[in-house]
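Protein chains in written order, with my numbering: chain A, 101 to 450; chain B, 101 to 450.
Backbone N, C-alpha and C fix where the C-beta goes; we use that ideal spot for every residue, glycine too.
In this text the structure is predicted, and so the values were computed from the model without any measurement.
Heads up: the structure comes next, in structure tokens.
2 protein chains.
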Amino acid sequence: MDLSERKQKILQVIIDEYIGTAEPVGSRAISKRNELGLSSATIRNEMADLEDMGYLVKPHTSAGRIPSDVGYRFYVNSLMQKYQLGVEAIEVLRRELAEKVNQLDTLIKKASIITSSLTEYTTVVTSPMLSRSVIKKIDVLAMAQGTAMIIVITKAGFVKNRMISVDITEAEATRITELLNRFFSGVMTDEIDENSVIMIASAAVESGINPKTVQTVLSKVYEFITALDECDVYINNARSMLQYPEFADVDKAREMLDFLENRDNLIKIIENGHNTDGVGIKIGKENNAKELENSSLITVDYRLGSRSLGKIGVIGPKRMNYAKVIASLDLISGHIDKILEELYSNEGEG
Amino acid sequence: MDLSERKQKILQVIIDEYIGTAEPVGSRAISKRNELGLSSATIRNEMADLEDMGYLVKPHTSAGRIPSDVGYRFYVNSLMQKYQLGVEAIEVLRRELAEKVNQLDTLIKKASIITSSLTEYTTVVTSPMLSRSVIKKIDVLAMAQGTAMIIVITKAGFVKNRMISVDITEAEATRITELLNRFFSGVMTDEIDENSVIMIASAAVESGINPKTVQTVLSKVYEFITALDECDVYINNARSMLQYPEFADVDKAREMLDFLENRDNLIKIIENGHNTDGVGIKIGKENNAKELENSSLITVDYRLGSRSLGKIGVIGPKRMNYAKVIASLDLISGHIDKILEELYSNEGEG
DNA sequence: TGTTAGCACTCGTCCGATTTGAGTGCTAAC
DNA sequence: GTTAGCACTCAAATCGGACGAGTGCTAACA
């Protein structure tokens with residue numbers, strides 16, 4: 101079942117060609133390029149074999165052939181040449197990322213934008229998972245009459261806030277804040293359980309705060325902390341889909357954009373689409389989503405130390421420039437990892 | 101130059117029809133609806149007049165006629181019937197907005213989503229302008245080695261944060277935080293000038309903090325506060341463009357989506373497109389943007405008290421359902437105003 | 001004078017037939 | 001094993017006629 105050297109060569113030429121043009125490629129076109137020095141008839145025979153073996157398919161009798169999912173998979177695994185990004189591209193990336201790195205979410209969004217412009221495909225990034233973050237500080241602020249605000253800051257520099265409805269005085273808020281920080285500052289979010297909340301509650305009540313207020317605030321705080329890991333996803337450059345002939349049909353484009361709009365689904369696909377080691381590549385049906393049958397998804401982790409915080413993914417037509425996308429993602433995730441490492445090297449250990 | 105009763109009637113029927121179908125409407129179709137009891141020939145004569153007067157245009161000789169920008173403008177100003185939103189729609193809106201109103205930006209984003217689903221057009225909202233906000237609290241936190249975070253919370257419940265590079269100890273950060281709040285808490289952001297910063301700086305230096313650290317932190321804080329009013333814009337349901345025949349051509353759709361992606365431009369258009377009183381309606385070329393020549397933009401303010409915080413806009417084809425969009429925006433902005441009023445009734449006065 | 005029936009004319013769209021051309025598979029010869 | 005050659009296939013492009021929606025104009029009518 102192994103492919104002869106020559107078949108591999110031909111398959112590679114076909115896929116390279118198809119990636120460039122999106123047109124089925126025929127035997128004559130290949131033989132003309134005479135890298136192989138074979139006549140079109142010979143190529144035809146080989147192509148027929150490749151089709152039998154499942155690497156190619158014919159859209160119809162009198163068209164050329166296009167790669168099947170299997171063909172792409174073989175290409176990605178065995179044939180593809182490593183892509184070398186241009187020095188200017190690398191330079192731009194370095195410069196852009198250096199500019200405003202000091203906000204974790206800004207950094208991620210920026211990374212997404214850069215990836216889009218580097219690859220010209222749609223980029224999706226998941227926001228950093230905060231579930232295993234260390235709390236730097238919690239604030240409870242009395243705001244307008246009957247409302248208060250909870251602010252949680254993690255060591256990694258992530259700030260989340262939420263308003264709650266509760267009658268509370270500034271003094272009470274300050275006191276509760278004090279207690280919260282005494283117990284929770286420096287603690288990892290998923291180590292916080294109801295017991296710790298109860299301890300704080302009794303301490304607060306002892307210091308004379310209305311038990312009902314304490315109860316309301318602390319249950320909201322607890323709820324908020326446990327909900328911190330809600331994963332969000334940013335989509336970038338979705339409109340780029342429209343530039344590829346695969347989506348020349350407005351209905352196709354609409355289907356894809358509708359799919360992208362469904363965040364939950366998208367997150368699921370991105371999380372699924374990933375094997376542990378570095379880059380995850382899902383081709384066509386491998387994505388297990390009808391809407392992505394004609395598309396591929398490539399993902400990488402971005403990490404803090406050994407811990408994966410989230411993912412950056414690129415979605416494009418199945419005939420995407422895999423080598424370039426992989427190179428881009430590799431480069432950018434490497435950069436992010438380094439930046440995060442520098443910024444928060446003391447985070448992440450209990 | 102006035103339009104006779106009958107011409108107005110005819111114009112109205114034509115526009116109503118065209119809004120529904122996107123097809124040029126002919127004289128026969130109108131006469132068939134016999135609301136007017138006129139023959140097609142008579143209608144034809146009237147339509148020819150309306151064309152001469154600039155209210156209608158012909159795509160080509162043997163098609164019906166479609167409204168011109170002038171025609172739409174007349175329709176919007178004089179002919180359009182008030183649209184009554186369904187009770188279920190109103191109920192949904194009320195319920196949705198009630199649910200998680202406690203975050204200003206969440207509220208606005210949600211409003212945008214609701215508007216999209218109510219109107220089925222693309223919605224753009226500008227984030228609340230913070231320039232004339234009252235500061236509730238400022239925090240400076242020492243984070244990882246060599247970095248600190250500035251957090252500003254406004255009375256209206258807006259939280260913004262930024263990381264900065266500076267060598268600072270926790271004690272120093274706490275001290276600076278104390279001073280910042282003593283001077284700035286309760287102050288409106290645009291009342292803060294360099295003098296106040298200098299005062300804080302000297303106080304901080306007096307209390308023994310490294311002058312260089314003080315200088316770095318305070319200049320960053322000042323920079324941050326003055327940059328608070330950077331206006332952002334959220335786009336919702338852009339893909340809905342694709343469902344209208346106006347954008348059946350992928351290139352047209354692409355042009356529009358490209359335009360929407362250019363945030364600066366978009367903000368400019370939205371801000372321009374607004375006259376002070378309530379709803380702003382810009383039809384086609386009135387938008388002063390090539391990309392919007394075939395689209396209309398309707399905007400409303402959302403307010404806190406009398407102060408406009410930002411805008412909600414709807415972009416759709418020129419033949420959009422103006423009455424419905426206006427009714428929706430009216431309703432939703434009214435709701436938001438009320439919610440904001442309730443939440444932050446004590447904000448906004450120096 | 002305003003309205004309408006009638007008619008010639010325009011012009012985009014639809015539809016079927018034809019042509020074109022890229023590409024294939026097979027065969028026979030080298 | 002390779003290749004030239006040829007018949008065959010089939011989507012896409014081209015062409016042309018029919019169709020029909022719609023117009024403008026004219027003449028007749030109330």
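- Look at L138 of chain A here: in three-state DSSP terms it is coil, with no helix or strand label.
- Counting only residues of its own chain and dropping the five nearest sequence neighbours on each side, A301 of chain B has a CB closer than 6 Å to the CB of V314 and L318.
- Three or more beta-carbon pairs separated by less than 8 Å are not found between the segment 350–369 of chain A and the segment 175–189 of chain A, which leaves the two stretches without contact.
- Boundaries cannot be given for L328 of chain B, as no beta strand (DSSP E) includes it and DSSP labels it neither H nor E.
- The segment 211–228 of chain A and the segment 326–345 of chain A touch, with no fewer than 3 CB-CB distances between them shorter than 8 Å.
- Under DSSP, R128 of chain B shares a beta bridge with no residue.
- Pairing V240 of chain B with I250 of chain B gives a Cβ-Cβ distance under 8 Å.
- V224 of chain B sits away from A248 of chain B, with the two beta carbons spaced by 8 Å or more.
- Residue range S395 to L404 is occupied by the beta strand (DSSP E) that includes S395 of chain B, with no alpha helix (DSSP H) assigned at that position.
- G120 of chain A carries a helical assignment under DSSP once its states are collapsed to helix, strand and coil.
- Shown here, R232 of chain A sits in coil according to DSSP, grouped into three states, outside any helix or strand.
- In this structure the segment 394–408 of chain B lies against the segment 378–385 of chain B, because at least three pairs of beta carbons, one per stretch, are closer than 8 Å.
- Taking 8 Å as the CB threshold, I143 of chain A stays off the interface with chain B.
- Fewer than three beta-carbon pairs drawn from the segment 155–163 of chain A and the segment 183–198 of chain A are found closer than 8 Å, and the two stretches are therefore not classed as touching.
- By the criterion of a C-beta distance shorter than 7 Å, L230 of chain B is surrounded in its chain by T254, F258, T289, L328 and D329, once the five residues flanking it on both sides are discounted.
- Within its own chain, the residues whose Cβ lies closer than 6 Å to the Cβ of G416 of chain A, once the five positions on either side in sequence are excluded, are Y221, listed in chain order.
- When secondary structure is reduced to three states using DSSP, D102 of chain B falls in the coil class, being assigned neither helix nor strand.
- Going by beta carbons, K107 of chain B and E135 of chain B fall outside the 8 Å limit.
- Chain B has a Cβ within less than 8 Å of the Cβ of V259 of chain A.
- By the CB criterion at 8 Å, T326 of chain B and I370 of chain B fall outside the cutoff.
- At least one CB of chain B lies nearer than 8 Å to the CB of I253 of chain A.
- Per DSSP, reduced to three states, the secondary structure at P167 of chain B is strand.
- In the assembly as shown, P124 of chain B is a buried residue. Its beta-carbon has 16 or more other beta-carbons within 10 Å.
- Of all residues in the segment 332–351 of chain A, only R339, L342, Q343, A348 and V350 place a beta-carbon less than 7 Å from a beta-carbon of chain B.
- Residue burial is scored here from C-beta neighbours: P167 of chain A has at least 16 other C-beta atoms within 10 angstroms and is therefore classed as buried.
- Contact of K158 of chain A with chain B is not assigned, every C-beta pair being separated by 8 Å or more.
- Rounded to whole angstroms, the gap between the alpha carbons of Q245 of chain A and K210 of chain A is 38 Å.
- Proximity to P228 of chain B across B:I235, B:K237, B:D205 and B:I238 peaks at B:D205, based on C-alpha coordinates.
- According to DSSP, residue pairing for D239 of chain A in a beta bridge involves A:I251.
- Per DSSP, the unbroken beta strand (DSSP E) holding I415 of chain A starts and ends at R407 to P417.
- The Cβ atoms of I432 of chain A and L193 of chain A lie closer than 8 Å to each other.
- For D358 of chain A, the C-beta contacts it makes with chain B under 7 Å involve R339, in order along the chain.
- The residue from A:A423, A:K438, A:V379 and A:I143 with its alpha-carbon nearest to that of Y175 of chain A is A:A423.
- Taking a beta-carbon distance threshold of 8 Å, K236 of chain A counts as an interface residue toward chain B.
- The Cβ of M243 of chain A sits closer than 8 Å to at least one Cβ of chain B.
- Taking a beta-carbon distance threshold of 8 Å, E361 of chain B counts as an interface residue toward chain A.
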